[in-house]
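Q: Got a structure here, written out as structure tokens. Questions coming.
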Amino acid sequence: MRIGELSQRAGVSVRSLRYYEEEGLLSPDRDENGYRRFTERDVATVTQIQLFYSAGLRSSRIAELLPCVAGVEDHVVPSAGLAEDLEQARHRLRGQIADLRTSLDIVDRVLAAAALQRAGMS
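When we follow this note's numbering, the leftmost residue of the sequence shown carries the number 3, and every step to the right adds one.
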């Protein structure tokens with residue numbers, strides 16, 4: 003598939019995909035005309051890249067992490083810097099999850115109160 007199709011399927015801009023390639027996060031093959039050719043695996047890789055960015059990881063750390071999650075390296079020992087960044091990302095994510103749970107509880111309470119009010123009006 004070409005870059006435009008990957009962009010649509012992965013839900014990211016063509017510009018982002020070119021940036022990922024510049025950063026060494028994607029390495030598409032090229033056809034005889036020089037066009038990038040992506041595979042189904044690249045769709046999954048782009049999704050992982052997006053998740054890692056949303057977790058607060060930098061490109062250099064994502065490049066180090068991608069082989070670990072792609073199963074390329076069987077016995078990966080992350081560098082001290084990567085392990086530290088992953089610990090920080092895990093801490094941030096747990097905080098975000100706690101905040102989301104609190105928000106969900108509030109929404110649930112408001113919806114329950116609204117349902118009771120509607121039931122009382124019927």
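For glycine and all other residues, C-beta sits at the position ideal for the given N, C-alpha and C.
DSSP beta-bridge partners for residue 31?
A: Residue 31 is bridged to 39.
Q: Comparing alpha-carbon positions, which option in 61, 106, 6 lies nearest residue 37?
A: The shortest C-alpha separation from residue 37 is found at 6.
Q: With DSSP as the reference, label residue 25 as helix, strand or coil.
A: The answer is coil: DSSP assigns residue 25 none of H, G, I, E or B.
Q: Let me make sure I understand the geometry here. Which of 56, 82, 8 has the alpha-carbon closest to that of residue 98?
A: It is 56 whose Cα lies nearest to the Cα of residue 98.
Q: Give me the residue from 84, 4, 40, 69 with the minimum Cα distance to residue 50.
A: Closest option to residue 50, Cα to Cα, is 69.
Q: Let's test the definition: count the other Cβ atoms within 10 Å of the Cβ of residue 44 and tell me whether it reaches 16, buried, or not, exposed.
A: With 16 or more other Cβ atoms within 10 Å, it is buried.
Q: Closer than 8 Å by C-beta to residue 95: which residues in its own chain qualify, once you throw out the five before and the five after it? Chain order, please.
A: Same-chain partners within the cutoff: 57.
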